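**Student:** If you read the protein sequences in the order shown, they are chains A and B. Take the first sequence: its position 55, counting from 1, is numbered 992 in the numbering used here, and each next residue is one higher. Take the second sequence: its position 622, counting from 1, is numbered 623 in the numbering used here, and each next residue is one higher. Note that the Cβ used here is the ideal one computed from N, Cα and C, for glycine as well. Here the structure is a predicted model, which means the values were calculated and not measured.
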Amino acid sequence: MNTCPEMSPQEIVNLTRRDFLANTGLGTLAFASLLAQDGYLAQGATLRNDPLAPKAPHFTPKAKNCILIYFEGAPSHIDLFDPKPKLNEMDGQKLPDSMLEKVRFAFIKKEGVRLMGSPRTFKKYGRAGMDLSDLLPHIGSCADDIAFVRSMTTTQFNHHPGQLMMNCGSPLFGRPTLGSWLNYGLGNESQNLPGYVVLHAGRGSSAGASAWTSGFLPSTYAGVLFRNQGDPVLNLGNPPGITPEMQHLGLDAIGDLNRLRHKYVADPEIASRIGAYELAGRMQAATPELMDLSRESKATREAYGVERKTPTNNEKGRGGGPETYATFARNCLLARRMVERGTRFVTVLHASWDHHANLNVELPFCAGMADQPIAALLKDLKQRGLLDETMVIWASEFGRTPLGENRGGSTNVTGRDHHPFAFTMWLAGGGIKGGRVLGKTDEIGWGVVEDEVPVHDLHATILRQFGFDHERLTYRFQGLDFKLTGVEGASVVKKLVA
Amino acid sequence: MMTGFQKTIALVALLAAPSLPAAETKKALDFTKLPPAASGAVDFAKDIQPIFANNCFKCHGTEKQKGGLRLDLKQGALEGGDLGAVIVAGKATESKLLHLVAKLDGETQMPPSGEGRKPLTREQIAKLRAWIDAGANWPDSAVAAAKKSGHWAFNAPKRPAIPRSGDTLVAEPKSGRTKGDKSVASPRNPIDAFVLARLAKEKIKPSPEADRYTLIRRLSFDLLGLPPKLEEVHEFIADKSPDAYEKLVDRLLKSPHFGERWGRHWLDLARYADSDGYEKDRARPFAYVYRDWVIKAINDDLPFDRFSILQLAGDLLPGAGAEEKTATGFHRQTLTNTEGGTDQEEFRCKATVDRVSTTAAVWLGVTMQCAECHTHKYDPLTQREFYQLFAFFNNASEKNLPAPQPDEERAYEAAKKKWNTENARLLQLRDAYVNGAAGAKFEQWANTASVTAVAWTALTPEKASAKSGSTLTIGKDAAVTAGGKSPEKETYVIEVKPGAGPVTGFRLEALAEGEAKKAGKVGRAKDGNFVLTKFGVRLLLPGEPAKDIELLNAQADFSQPRFEVAGALKGLDTTGWAVAKQTDRSHTALFETKEPLVLPAGARLEITLDHQYKANYTLAKFRVSATSATLPLRLDSLADDVALALSKPAEKRTAAETERLKKYLLTQVDAEGKKLQAAVDENAKKVPTAPETFAATIAEEPAGRVTRVHVRGNFLDRGAEVRPLTPAVLHAFKPRGTKPDRLDLAQWLFSPENPLTARVTVNHVWKNLFGRGLVASVDDFGVKGEKPSHPELLRLSRGERVVERENRRAEHPSAVARGHRGARLRELGEVDGKPRHGAEPARPLHFFPAHRAVSDADDLRRAGLERHLHAPRAEQHTAPGAHAAQRPGVLRVRAGAGPAHGGVARDESHGAHPPRLRDVPRAPAAQRGVERAGQSL
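1) Would you give the residue range spanned by the alpha helix (DSSP H) that A/ARG1232 belongs to?
2) Please report the residue range of the alpha helix (DSSP H) in which B/SER309 lies.
3) For A/PRO998, collect the residues of the same chain with a Cβ closer than 6 angstroms to its Cβ; drop the 5 residues on either side in sequence, then sort them by chain order.
4) What are the start and end residues of the beta strand (DSSP E) that includes B/THR422?
5) For A/SER1013, count the other beta carbons within 10 Å of its own beta carbon; 16 or more makes it buried, fewer makes it exposed. Which is it?
6) Would DSSP call A/ASN1095 helix, strand or coil?
7) Are the stretch 128 to 144 of chain B and the stretch 31 to 38 of chain B touching by the rule of at least three beta carbon pairs closer than 8 angstroms?
8) Taking B/ALA747 as part of the alpha helix (DSSP H), name the residues at either end of that continuous run.
9) Can you tell me where the alpha helix (DSSP H) holding B/THR267 begins and where it ends?
10) List the residues of chain B that A/ALA1043 touches, going by C-beta distances under 8 angstroms, in chain order.
11) At a Cβ threshold of 9 angstroms, is B/LYS785 touching chain A?
12) At a CB-CB cut-off below 7 angstroms, which residues of chain A make contact with B/GLU280?
13) Quick one: which chain B residues come within Cβ less than 9 angstroms of A/HIS1355?
14) Counting only the same chain and skipping the five closest in sequence on each side, list residues whose C-beta sits under 6 angstroms from that of B/ASN156.
15) Over the uninterrupted beta strand (DSSP E) stretch that includes B/LEU509, give me the two end residues.
16) Among the residues of its own chain, which have a CB less than 7 angstroms from the CB of B/LYS582, if the five just before and after it don't count?
17) By Cβ distance, which residues of its chain are closer than 6 angstroms to B/LYS735, with the 5 residues on each side in sequence left out?
18) Is A/SER1333 closer than 9 angstroms to A/GLU1009 when the C-beta atoms are compared?
19) Any beta-carbon of chain B closer than 9 angstroms to the one on A/PHE1008?
20) List, in chain order, every chain A residue whose beta-carbon is nearer than 7 angstroms to that of B/THR368.
21) Helix, strand or coil: how does DSSP classify B/HIS838 here?
22) Comparing the C-beta of B/CYS371 with each C-beta of chain A, is any distance below 9 angstroms?
23) So within the stretch 577 to 657 of chain B, which uninterrupted beta strand (DSSP E) runs reach at least 3 residues, ignoring any that extend past its ends?
24) Looking only at its own chain, which residues have a Cβ that is under 7 angstroms from the Cβ of B/LEU268, when we skip the five neighbours before and after it?
25) Output needed for B/LYS104: all residues of its chain with C-beta closer than 6 angstroms, excluding positions within five of it in sequence on either side, in chain order.
26) Please name the residue or residues paired with B/TRP457 in a DSSP beta bridge.
27) So, under 8 angstroms CB-CB, B/VAL566 and B/ALA555 are touching, yes? Tell me the CB distance rounded to an integer number of Å.
28) Do we get a CB-CB distance below 9 angstroms when we pair A/GLN1100 with the residues of chain B?
29) Going by CA-CA distance only, name the one from B/GLY81, B/LYS477, B/LEU645, B/ASP585 that's closest to B/LYS527.
30) Going by the DSSP bridge assignment, what does A/MET1275 pair with across the sheet?
31) Between which two residues does the alpha helix (DSSP H) carrying B/PHE58 extend?
32) Would you list the one or two residues that DSSP bridges to B/PHE32?
33) Once the 5 residues before and after A/GLY1368 are set aside, which same chain residues still bring their CB inside 7 angstroms of it?
34) To the nearest whole angstrom, what separates the beta carbons of A/PHE1018 and A/THR1361, a pair I think is in contact under 8 angstroms?
35) Can you check whether the C-beta of A/ARG1344 is within less than 9 angstroms of a C-beta belonging to chain B?
36) Among A/LYS1370, A/ASN1295, A/MET1027, A/VAL1385, which one has its Cα closest to the Cα of A/GLY1336?
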């Protein structure tokens, strides 16, 4: 990591000072002694000199941890969150050409495209009387803790650029994600686990590592992907032929070299590296305990549905294999366990919401996977008093068209195309005002008519809850003080925050 | 932008109101306000330039270029601003400059009021009008009068005076050494002289010379990225000659690993990766062709100017060959978005933007990318200038050239030879049997065999046409061959006149005998496949509308999974009948008619073969036949001629028919014959394929695109047209002809007047050797970049030069490294194990090599890996996880290539951190570029 050129003189002085402290008796424990202590650092007993040491934000934060539930592919807002009777009435009708003229679609052919109503039934939930589709009854039962935003908009209409936009505030590669920014700004409370963990179910992530990249921030702020099966992190064991003693000797030698080098050059990337080695050592001990769900009560496990069977009528569906339902439920429960143990940011991913076709089969499958565990997570967090400080976000890159997708050659219209002009997301916990519905779309769910929330405004709002002025959480790179919220200006959505 | 628009249109839809967003109304210009042109001759230097200087330069001059316009330079003024030209020579009334200074629209005036500024007088406007009307003559001599940027980096450096060692040497040699030991205290070259001078100023003693063990270790890591072998250390220690150090440097520079190590640095600048980036992040299996070119170029000590020009414009050099073209792979390292539903023009523009930004960063050290959407906020670079550079790259097309590597070709030739021998042997065995031992068997069989064959009548088309431009040729055997243009999607239509019928079914033969280019393949797609999305038959009767004939029960001798033949009756463009893995042989499909089709006299059938899948998945050659056989039809393997021959009594068969039957029996019925034939067939599957290796290159499109400014960086919002041109703040651009191209740009970079490229390049080398550049922001020499920590040393690189070769403008890394042979800076660096700071703590007086080499070396040792030069590409030896991180669930472990390492041959993804054995020290390639280069090793 080439932070040196980007560091201000003050930063270098600070590093040196911290380095001084670290090396005069209070400092980092040597790796060998760490291992000697059952792989743990005594809680709270050390002064950490790594870049993930906890830091205070700009002002008192409402939220400390974040669970981002990200559904790649874009769930249909019209079929889940935003009922449109008018659209149902207009089912099969054309849109005026003037409306389609300048719009770009991913797959829809403008010629002959028609509006498509939704077969879903909606019911009112909670104080705000939030309409939710029959696919989300469990989430409905948590409506009073949730703020729904029906007026999200984004600038991108292809998945990957859209995912980058939602995760990083820019459709371009190379920017840090929200999780990286928060770890950069706040550090990691956990001694034994990464500050930023990524869990996934089903087919994996379509955005890949760019959904948890640290971009230009030091790599220490990048998300760590946990696997679904076997060891959550690979290579924590020693390679064949390397005895534990050899491993210790090698790591000690590298640690010594790194510390030596760090003394000279004060390069924070070296500190990252020392931190990474030490964290890896502690994780060897801490992860089995974390992943062991048998310590949870039966009631809890059932509430999340960690032993749920995936419906078999969708074996050929795109939602994922037979383990998908159980894995997603387990991930929700793991997210809570991680947050409890101090992990700052957990992303729970599922990638199969891109319903260009077969919407009425695929969406129930996906929603069926999501609904119960997410509601269980919210209730579990609340019951443990964690919801006050833990923000839970339902996110995706965009919504889906009120138009049926008439992809060329296809005789049946059974799905919807990408739609960046209006979609729904929701937030709960971390000081977000629950039981609210923000924003309004027009009568067919096409455009926002009230309280538009662009992605940058959403990011500004989330950062505020974590104690940051989004204008001041910056990192200098290529001569520019980069912000999650870009240069165009963004504002906190006041109506969302308590 | 979209959302506002969306609101509008949603409103339109719902209210059905025919309202339109109010167009930006253009105020009418009131020309009566324009003073008449001044009479008499107008002299630019005397009359016009002072007007600009006194009234305009503050916002449109050296330091600021509002709206992308500068009026202090001829080029800038006459080209115009981000929104287009402001001076139309000869036509004052059409010149925006005059509209604005005279406030013709009644609203906007230049210069704007405030801060003591005054509008131009009528007299001044009259002079401007006269000057423009007379052709806006701007003598080149007037350029000198304009003030250039005062920023150090945009001005040519002056060679510094080299401190004389006697004046500055204050350090006492370490005890135990004699005063005469010059290796410690006296400078060996100008760099030493500056270092010693500075140390003296800071009152710091120079370090003693490092010991030999340390020296060889440092040199090996720096130059090769590898630790020295034990015997090499001993050899160096034992070498008592005074030039042992120089000899060691020379030896290391000759090592092939030198190119790998320094190629790695360059590949970081080139944002090299083995994958596409974006959602799919598909592998680029032959990316190594460019990578190996870089390594070889460095090992061959290609001069840096040529090294650069080849990479930027090798394809445009006269007589450019494979070598020159391969080098242009530099600008093929951009991202490619293969996600469905993308607008490819958008991502072509993004790649072009990347090419501009990377070129500017790597060779000029300026943050040109800031000007993609707006004129640069700090440096004198306008948005218009960004698109002028964009114009150089806008006609670049991505071309893949076959590039089998010599070892691959050798392996292919050897395999082919071996295969031919084996094939000949198997054929000989089979034929010997057919012609020998089997005679008696045949007699018996041919007289008794009774095969119920379906009789098919081949339908010779009367007409054959293709809707999207392929040419169809009807052969004597009733087969139709496609040729000519190979469109993405295609529909073949043939018209046939069958017999009276009744027709109970149709047979379609996809023949692996297409035109020469795709000989032996059934389809015209790159992989030899086809996807038949619809097989349709219509009955044509004179004077009646065409009638669809319903077909069902599709069957085929082979269909590839998920592309079953039944799909050919559905007419979707997402599926159909295809035969992947068996594209090298003919296939047959049958379709039954729902009811036997009786054809009245004069009836014709129109048969449509539709290919709506994509990417040229069209049939290469086909034949349609009809039958009246009883249903259900069955596929049989009998060729028509065999069936015919068998249906005759033995005595009525011709000699040829007998021969045909004989071959049929012995190769397809008789057990022993079948075995021998199977061996031939089996072997045929193993025929070696020619290497598919290609070099990703850049070529110039013959029909040039017009380049326009992308307003606010939006590729859909095209502004003023621009020509290829270099930024005005830098040295003059002298193209070879009237249509400047990339080669002109590349040569401009190496013009002797260029103040940047040499310094930027030396700074990279410095950074790679010392861990920090003389200018710490290696990619930003602009106003907001770091100031040089040792300006004299940076100037030295231009003046005294670190290299010996006088004929080069900027230096290739190896040359610089060679120049370092005498430099004792590194040895002077570490004194007593403490970092040393001067008065200013943020500016260390010396630097240390970056640390990654150590970790790499450790990786090597632990994994027992060898470094391979020119390994095709590395498999993911990091075990599941590294790339699984990129796309969990999609594990991309490729078999074949042996483990390779060394920071060069590892698989690199545009999207994910590179796989490492221990940790993740480097960013994904896509975000690397210059500013990241320093962190590699």
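**Tutor:** Here's the rundown:
1) For the purposes of this step, residue 1232 of chain A is taken as the residue at position 295 of the first sequence. Per DSSP, A/ARG1232 belongs to no alpha helix (DSSP H) and is neither H nor E.
2) Your numbering for residue 309 of chain B matches position 308 in the second sequence. For B/SER309, the uninterrupted alpha helix (DSSP H) segment begins and ends at 305 to 314.
3) If you number the first sequence from 1, residue 998 of chain A lands on position 61. The beta carbon of A/PRO998 sits closer than 6 angstroms to the beta carbons of PHE1403, GLY1404 from its chain, once the five residues preceding and following it are set aside; these are given in chain order.
4) As a position in the second sequence, residue 422 of chain B is number 421, starting the count at 1. Where B/THR422 is concerned, there is no enclosing beta strand (DSSP E), although the alpha helix (DSSP H) it sits in stretches over 407 to 436.
5) The count along the first sequence starts at 1 and reaches residue 1013 of chain A at position 76. Buried, by the Cβ-count rule.
6) Counted from its first residue, the first sequence places residue 1095 of chain A at position 158. Correct three-state label for A/ASN1095: coil.
7) Three or more beta-carbon pairs separated by less than 8 angstroms link the stretch 128 to 144 of chain B to the stretch 31 to 38 of chain B, which places the two stretches in contact.
8) As a first step, residue 747 of chain B is located in the second sequence; it is residue number 746 there, counting from the start. Where B/ALA747 is concerned, the enclosing alpha helix (DSSP H) stretches over 743 to 750.
9) Position 266 of the second sequence, counted from the start, is the residue given in the question as residue 267 of chain B. Checking the sequence shown, residue 267 of chain B turns out to be Trp, not Thr. Element bounds for B/TRP267: 257 to 270.
10) Taking the first sequence and counting its residues from 1, one reaches residue 1043 of chain A at position 106. For A/ALA1043, the C-beta contacts it makes with chain B under 8 angstroms involve GLY341, GLY342, THR343, in order along the chain.
11) For this step, residue 785 of chain B is matched to residue 784 along the second sequence. Interface residue, yes.
12) For the purposes of this step, residue 280 of chain B is taken as residue 279 along the second sequence, with counting starting at 1. Neighbours of B/GLU280 on chain A, chain order: HIS1096, HIS1097, SER1143, ALA1144.
13) Locating residue 1355 of chain A in the first sequence gives position 418, counting from the first residue. Result: GLY342.
14) The residue you call residue 156 of chain B lines up with position 155 of the second sequence. Taken in chain order, the residues that qualify are PRO756.
15) Residue mapping note: residue 509 of chain B aligns to position 508 of the second sequence, counting from 1. Counting along the chain, B/LEU509 sits inside the beta strand (DSSP E) bounded by residues 504 to 511.
16) Numbered from its first residue, the second sequence carries residue 582 of chain B at position 581. Residues of the same chain with a CB within less than 7 angstroms of the CB of B/LYS582, apart from the 5 flanking positions on each side, are GLN561 in chain order.
17) Taking the first residue of the second sequence as position 1, residue 735 of chain B is located at position 734. Setting aside the 5 residues that flank it on each side, B/LYS735 has no residue in the same chain whose C-beta is closer than 6 angstroms to its C-beta.
18) Taking the first sequence and counting its residues from 1, the one referred to as residue 1009 of chain A is at position 72. Taking the first sequence and counting its residues from 1, the one referred to as residue 1333 of chain A is at position 396. Cβ distance < 9 angstroms, so A/GLU1009 and A/SER1333 count as in contact.
19) What you label residue 1008 of chain A is simply residue 71 of the first sequence in a count that begins at 1. For A/PHE1008, the answer is no, since every Cβ of chain B falls outside 9 angstroms of its Cβ.
20) Here the question's residue 368 of chain B lines up with position 367 in the second sequence. The answer, in chain order, is GLN1415, GLY1416.
21) Mapped onto the second sequence, residue 838 of chain B falls at position 837. The predicted model places B/HIS838 with a pLDDT of 36, which falls under 50 and marks its position as unreliable, so this point remains unresolved.
22) As a working mapping, residue 371 of chain B is identified with position 370 in the second sequence. Closer than 9 angstroms: yes.
23) Here the runs fully enclosed are 588 to 598, 605 to 612, 622 to 628.
24) Numbered from 1 along the second sequence, position 267 holds the residue referred to as residue 268 of chain B. Sequence-distant Cβ neighbours of B/LEU268 in its own chain, meaning closer than 7 angstroms and more than five residues away, are ARG292, VAL295.
25) On the second sequence, position 103 is the one that residue 104 of chain B refers to. The beta carbon of B/LYS104 sits closer than 6 angstroms to those of GLN110, all from its chain and outside the five residues before and after it, given in chain order.
26) Locating residue 457 of chain B in the second sequence gives position 456, where the first residue counts as 1. Partner residues in the beta bridge of B/TRP457, as assigned by DSSP, are B/THR628.
27) Here residue 566 of chain B refers to the residue found at position 565 when the second sequence is read from its first residue. Here residue 555 of chain B refers to the residue found at position 554 when the second sequence is read from its first residue. Rounded to the nearest angstrom, the Cβ distance from B/VAL566 to B/ALA555 is 5 angstroms, consistent with a contact under 8 angstroms.
28) If you number the first sequence from 1, residue 1100 of chain A lands on position 163. By this cut-off, A/GLN1100 is an interface position.
29) To locate residue 527 of chain B, count along the second sequence from 1; it is residue 526. Closest option to B/LYS527, Cα to Cα, is B/ASP585.
30) Sequence index remark: in the first sequence, residue 1275 of chain A carries index 338 (1-based). Its beta-bridge partners do not exist; DSSP assigns none.
31) Counting from one through the second sequence, the residue named residue 58 of chain B turns up at place 57. Per DSSP, B/PHE58 belongs to the alpha helix (DSSP H) from 58 to 61.
32) Here residue 32 of chain B refers to the residue found at position 31 of the second sequence. When DSSP reads this structure, B/PHE32 sits in no beta bridge, so it has no partner.
33) On the first sequence, residue 1368 of chain A is found 431 positions in, with the first residue counted as 1. These residues qualify, in order along the chain: LYS999, ALA1000, GLN1402, VAL1434, ALA1435.
34) What you label residue 1018 of chain A is simply residue 81 of the first sequence in a count that begins at 1. What you label residue 1361 of chain A is simply residue 424 of the first sequence in a count that begins at 1. Contact between A/PHE1018 and A/THR1361 is confirmed by a C-beta separation of about 4 angstroms, below the 8 angstroms threshold.
35) Taking the first residue of the first sequence as position 1, residue 1344 of chain A is located at position 407. Closer than 9 angstroms to some Cβ of chain B, the Cβ of A/ARG1344 qualifies, so yes.
36) Sequence index remark: in the first sequence, residue 1336 of chain A carries index 399 (1-based). Nearest C-alpha to A/GLY1336: A/VAL1385.
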